[in-house]
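Asker: Following this message is one structure expressed as structure tokens.
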Amino acid sequence: MRGSAVVLAVALALTGLIPGAPAAASTAELVQHLDQLVGSFPGGAGLWIADPNASKPLYSHDADEPIITASLYKLAVLAEAERRVDAGQLHYSDIITIENEDITEDGSFEVAGTELTLDQALEAMVTISDNGAALALWHVLGADNINATLRNVGINDFHVFVAYGEDDNIATPRAIGTLLTLLAKRQLISAAASDRMLARLERQQINDRLPAELPEGVVVAHKTGNLPGLTHDAGIIYTPSGPRVVVAMTWDAYEADAYAFIANVGSIVYSTILEPPANARYEVPRTTLSVDVGSSPRITIPITNAGSDAWNGSGVGSYRLIWEMRDSKNTLVATSPAPIALPGLGPGKSANVGVMIEVPQTPGDYKVTLGLADANGNGLAKLGATTASFQVRAHQPYIVNAATGVPSILHRGEASLLVTNYTALPTAGTTSHALTLTWRLIDTKTSRSVAQGTIPLGALEPGATGNFFAPLVAPAVLGSYRLAYEVREKNIAATETFTTNVTIVGPR
Numbered sequence: 015m016r017g018s019a020v021v022l023a024v025a026l027a028l029t030g031l032i033p034g035a036p037a038a039a040s041t042a043e044l045v046q047h048l049d050q051l052v053g054s055f056p057g058g059a060g061l062w063i064a065d066p067n068a069s070k071p072l073y074s075h076d077a078d079e080p081i082i083t084a085s086l087y088k089l090a091v092l093a094e095a096e097r098r099v100d101a102g103q104l105h106y107s108d109i110i111t112i113e114n115e116d117i118t119e120d121g122s123f124e125v126a127g128t129e130l131t132l133d134q135a136l137e138a139m140v141t142i143s144d145n146g147a148a149l150a151l152w153h154v155l156g157a158d159n160i161n162a163t164l165r166n167v168g169i170n171d172f173h174v175f176v177a178y179g180e181d182d183n184i185a186t187p188r189a190i191g192t193l194l195t196l197l198a199k200r201q202l203i204s205a206a207a208s209d210r211m212l213a214r215l216e217r218q219q220i221n222d223r224l225p226a227e228l229p230e231g232v233v234v235a236h237k238t239g240n241l242p243g244l245t246h247d248a249g250i251i252y253t254p255s256g257p258r259v260v261v262a263m264t265w266d267a268y269e270a271d272a273y274a275f276i277a278n279v280g281s282i283v284y285s286t287i288l289e290p291p292a293n294a295r296y297e298v299p300r301t302t303l304s305v306d307v308g309s310s311p312r313i314t315i316p317i318t319n320a321g322s323d324a325w326n327g328s329g330v331g332s333y334r335l336i337w338e339m340r341d342s343k344n345t346l347v348a349t350s351p352a353p354i355a356l357p358g359l360g361p362g363k364s365a366n367v368g369v370m371i372e373v374p375q376t377p378g379d380y381k382v383t384l385g386l387a388d389a390n391g392n393g394l395a396k397l398g399a400t401t402a403s404f405q406v407r408a409h410q411p412y413i414v415n416a417a418t419g420v421p422s423i424l425h426r427g428e429a430s431l432l433v434t435n436y437t438a439l440p441t442a443g444t445t446s447h448a449l450t451l452t453w454r455l456i457d458t459k460t461s462r463s464v465a466q467g468t469i470p471l472g473a474l475e476p477g478a479t480g481n482f483f484a485p486l487v488a489p490a491v492l493g494s495y496r497l498a499y500e501v502r503e504k505n506i507a508a509t510e511t512f513t514t515n516v517t518i519v520g521p522r
């Protein structure tokens, strides 16, 4: 067990610390920077650094070493208190009385007999590390209950003392990192309880370690700990690359050296933008795909391994393709039923992957977004992997094949003859359909519509083939434009949208 020895080392300057400059995007370089930092530290250090959304830590050093926690044990007290609040067994308005037995020689800021609400006691315990409030809560909650809650959430190497003064609060950096990972994922006790704990930890007032070298305004949810020969800080740093769980526990070092060491850990972690486990480039359709409502079209997407590591064909190191579909209001309407297995690919290598999407029954415009997932189906976008999107327009099944001849030269304010050759499709059924031609004139420089109109075509009879003749009166503009048009029945598209370039000149 680390942390029971008195600091014996002679004061040493931390001249080998790595400054928090942006690092290259690789986990290996993050490890190298932190290894150099640990190697130059004149004391013992247990580190656990992780992306809460990843399956393994980014860095660890002596992560399974049992260490006296100092005030980090208050994280466990906080979790048990919030569990009881969630269960309705305690309320923030309940009174906690600080007794004589709760007062310590150092770090107690209230006198015996002080009454605090549960909310006030938790705030004092976390944000200013008040020992009196913490021990009062420890007495109310019970050490056995606190330890049971830790075990119930899967944390076994975190022990809160059962008898004050007779044993120690002990935890490994990995165990505290596990607690913080659950918290970062809003899975500690409950999502609501996690949110309350995170908000309280973000109000921490002792910011001389992990946050000390970070830019102003960076959010850090953390808890510090100090005892003679022990200096700790553990929390969640919200970096530009996402949240990072950082546990730094030190022993047998001068306090000033430990503070500088932990501050540098925070700076390095914050400033390192890591490459995701895998990355890809996608060649997605550049124009909107027109599809029937309720259909399941299969789309071939060329995918390139854009990362620095090869993809395995199966098992660990293999990857999947996932997709989601959102409507024009950004509401999620469909997702991939199961991740699509990707082939083994070396860096820079490509493969064609078939993607079958499920089109909703409601006509409209939808956005399909593709992304990578690991072998367990966990999406990698939150780890920085790129995504790609394309548009889909869902429509009722078209009822006619139609080809309209549009003159390339139109005369302002004058009619030109449009000839539409058509064939009724089986989807037209056995009834007659009144068709129109809807058009839009689009400025090619701004992509904005400058004029639009609707032209009656005639009746489409079941099984019919023929020609519709209709006049198009050119709008009162001059120049080159793009004409977009489709055949419609009432307000429903009966064909896909076609485009052609036209030039409008003066009258004949």
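So for the sequence shown, this note's numbering puts the first residue at 15; every next one is plus one.
Glycine included, C-beta positions come from ideal geometry on N, C-alpha and C.
Taking only the alpha-carbon atoms, compute the straight-line gap between Q46 and H409 and give it to the nearest angstrom.
Answerer: Numbered from 1 along the sequence shown, position 32 holds the residue referred to as residue 46. Numbered from 1 along the sequence shown, position 395 holds the residue referred to as residue 409. Roughly 55 Å between the two C-alpha positions.
Asker: May I ask which residues mark the beginning and end of the beta strand (DSSP E) holding H447?
Answerer: For this step, residue 447 is matched to residue 433 along the sequence shown. From DSSP, the beta strand (DSSP E) with H447 extends over 447-456.
Asker: Whole angstroms is fine: what's the gap from P66's alpha carbon to N515's?
Answerer: Taking the first residue of the sequence shown as 1, we reach residue 66 at position 52. Taking the first residue of the sequence shown as 1, we reach residue 515 at position 501. Answer to the nearest angstrom: the Cα atoms are 53 Å apart.
Asker: Thinking G472 and L486 are a contact (beta carbons under 8 Å), I'd like their distance in whole angstroms, please.
Answerer: Counting from 1 along the sequence shown, the entry for residue 472 is found at position 458. Counting from 1 along the sequence shown, the entry for residue 486 is found at position 472. With a Cβ gap of about 15 Å, G472 and L486 do not count as contacting.
Asker: Helix, strand or coil for I160 per DSSP?
Answerer: Residue 160 sits at position 146 when you count from the first residue of the sequence shown. Reduced to three states, the DSSP call for I160 is helix.
Asker: Leaving out five residues before and five after A399 in sequence, what residues of the same chain have Cβ atoms less than 6 Å from its Cβ?
Answerer: The sequence position of residue 399 within the sequence shown is 385, counting from 1. P290, N293, L386, listed in sequence order.
Asker: Can you tell which of E372, V330, S255 has the C-alpha that lies nearest to the C-alpha of S309?
Answerer: Within the sequence shown, residue 309 is the residue found at index 295, counting from 1. Measuring from the Cα of S309, the nearest candidate turns out to be E372.
Asker: Let me know the beta strand (DSSP E) ranges lying completely inside the stretch 284-371, each 3 residues or longer, listed in chain order.
Answerer: Here the runs fully enclosed are 294-296, 303-306, 312-319, 334-341, 346-349, 364-370.
Asker: Between the C-alpha atoms of Y273 and D78, what's the straight-line distance to the nearest angstrom?
Answerer: Along the sequence shown, one-based indexing puts residue 273 at 259. Along the sequence shown, one-based indexing puts residue 78 at 64. About 22 Å.
Asker: Threshold first: 3 residues or longer. Then list the beta strand (DSSP E) segments lying entirely within the stretch 374-411, N to C.
Answerer: Within the stretch 374-411, the complete beta strand (DSSP E) runs of at least 3 residues are 378-387, 402-409.
Asker: Cα-Cα, which of Y284, R522, I203 is closest to R426?
Answerer: Position 412 of the sequence shown holds residue 426. Looking at the Cα atoms, R522 is the closest of the given residues.
Asker: Using the rule of at least 16 other Cβ atoms within 10 Å of the residue's Cβ for burial, across every protein chain shown, is D388 buried or exposed?
Answerer: Locating residue 388 in the sequence shown gives position 374, counting from the first residue. Result: buried.
Asker: Can you give me the start and stop residues for the alpha helix (DSSP H) that K88 sits inside?
Answerer: Taking the first residue of the sequence shown as position 1, residue 88 is located at position 74. Per DSSP, K88 belongs to the alpha helix (DSSP H) from 88-101.
Asker: Comparing alpha-carbon positions, which option in L346, E510, L335, T444 lies nearest Y412?
Answerer: Mapped onto the sequence shown, residue 412 falls at position 398. Closest by alpha carbon: E510.
Asker: Once you ignore the five residues that flank A507 on each side, which residues in its own chain have a CB closer than 8 Å to its CB?
Answerer: Numbered from 1 along the sequence shown, position 493 holds the residue referred to as residue 507. Excluding positions up to five away in sequence, the list reads H409, Q410, Y412, E500, V501.
Asker: Going by beta carbon distance, what residues of the same chain come within less than 6 Å of D181, once the five residues before and after it are set aside?
Answerer: Residue numbering aside, residue 181 sits at position 167 when the sequence shown is read from its first letter. So the list reads F175, once near-sequence residues are dropped.
Asker: In this structure, does DSSP put A498 in helix, strand or coil?
Answerer: Taking the sequence shown and counting its residues from 1, one reaches residue 498 at position 484. A498 falls in the strand class under three-state DSSP.
Asker: Looking at the structure shown, is P521 part of a helix, part of a strand, or coil, going by DSSP?
Answerer: Indexing the sequence shown from 1 puts residue 521 at position 507. In the structure shown, P521 sits in coil (DSSP, three-state: anything other than H, G, I, E or B).
Asker: CB-CB under 7 Å to T401, same chain, minus the five flanking residues each way: which ones, in chain order?
Answerer: Position 387 of the sequence shown holds residue 401. Answer for T401: T383, L384, G385, A395, listed in chain order.
Asker: So what does DSSP say about S430, is it helix, strand or coil?
Answerer: On the sequence shown, residue 430 is found 416 positions in, with the first residue counted as 1. Here S430 sits in strand by DSSP.
Asker: Find the nearest neighbour of T111 within the set D144, Y87, L151, E137, judged by alpha-carbon distance.
Answerer: On the sequence shown, residue 111 is found 97 positions in, with the first residue counted as 1. Cα-wise, what sits closest to T111 is L151.
Asker: Looking at G60 and M263, is the spacing between their C-beta atoms short of 8 Å?
Answerer: Taking the first residue of the sequence shown as position 1, residue 263 is located at position 249. Taking the first residue of the sequence shown as position 1, residue 60 is located at position 46. Taking 8 Å as the Cβ cut-off, M263 and G60 qualify as a contacting pair.
Asker: Three or more beta-carbon pairs under 8 Å between the stretch 85-97 and the stretch 132-145, yes or no?
Answerer: Taking 8 Å as the limit for Cβ pairs, the verdict is that the stretch 132-145 does touch the stretch 85-97.
Asker: Just how far apart, CA to CA, sit A213 and V233?
Answerer: Position 199 of the sequence shown, counted from the start, is the residue given in the question as residue 213. Position 219 of the sequence shown, counted from the start, is the residue given in the question as residue 233. Each residue's alpha carbon lies about 10 Å from the other.
Asker: Do the CB positions of Y284 and M339 come within less than 8 Å of each other?
Answerer: Here residue 284 is taken as the residue at index 270 of the sequence shown, counted from 1. Here residue 339 is taken as the residue at index 325 of the sequence shown, counted from 1. Against a cut-off of 8 Å, the Cβ pair of M339 and Y284 comes out as no contact.
Asker: Would W337 and S322 be called neighbours here (beta carbons separated by less than 8 Å)?
Answerer: Working through the sequence shown from its first residue, we reach residue 337 at position 323. Working through the sequence shown from its first residue, we reach residue 322 at position 308. Not in contact: W337 and S322 (Cβ atoms no closer than 8 Å).
Asker: With 16 other CB atoms within 10 Å as the buried threshold, where does E525 fall?
Answerer: The structure shown does not extend to residue 525, since the chain is modelled only from 15 to 522, so the question has no answer here.
Asker: Using the C-alpha atoms, what's the distance from I282 back to Q103?
Answerer: To locate residue 103, count along the sequence shown from 1; it is residue 89. To locate residue 282, count along the sequence shown from 1; it is residue 268. Answer to the nearest angstrom: the Cα atoms are 42 Å apart.
Asker: Which residues mark the beginning and the end of the beta strand (DSSP E) in which L130 is found?
Answerer: As a working mapping, residue 130 is identified with position 116 in the sequence shown. Here the beta strand (DSSP E) through L130 covers 129-131.
Asker: Measuring straight from C-alpha to C-alpha, what distance separates P225 and N278?
Answerer: For this step, residue 225 is matched to residue 211 along the sequence shown. For this step, residue 278 is matched to residue 264 along the sequence shown. Straight-line Cα distance between these residues: approximately 9 Å.
Asker: Closer than 7 Å by C-beta to A442: which residues in its own chain qualify, once you throw out the five before and the five after it? Chain order, please.
Answerer: Counted from its first residue, the sequence shown places residue 442 at position 428. For A442, where only same-chain residues beyond five positions count, the Cβ hits under 7 Å are I413, V414, L474, P476.
Asker: Ends of the alpha helix (DSSP H) at I190?
Answerer: As a working mapping, residue 190 is identified with position 176 in the sequence shown. Element bounds for I190: 187-198.
Asker: Go to N481, then tell me how far its beta strand (DSSP E) extends in each direction, as first and last residue.
Answerer: To locate residue 481, count along the sequence shown from 1; it is residue 467. From DSSP, the beta strand (DSSP E) with N481 extends over 479-487.
Asker: By a C-beta neighbour count over all protein chains shown, 10 Å radius and 16 as the cutoff for buried, is S85 buried or exposed?
Answerer: Locating residue 85 in the sequence shown gives position 71, counting from the first residue. Buried: at least 16 other Cβ atoms inside 10 Å.
Asker: Judging by CA-CA distance, which residue of T41, L439, A126 is the nearest neighbour of T479?
Answerer: Here the question's residue 479 lines up with position 465 in the sequence shown. Ranking the options by Cα distance to T479, first place goes to L439.
Asker: Taking the alpha-carbon of G493 as reference, which of Q218, E503, T517, D76 has the nearest alpha-carbon?
Answerer: As a position in the sequence shown, residue 493 is number 479, starting the count at 1. Residue T517 is the option with its Cα nearest to G493.
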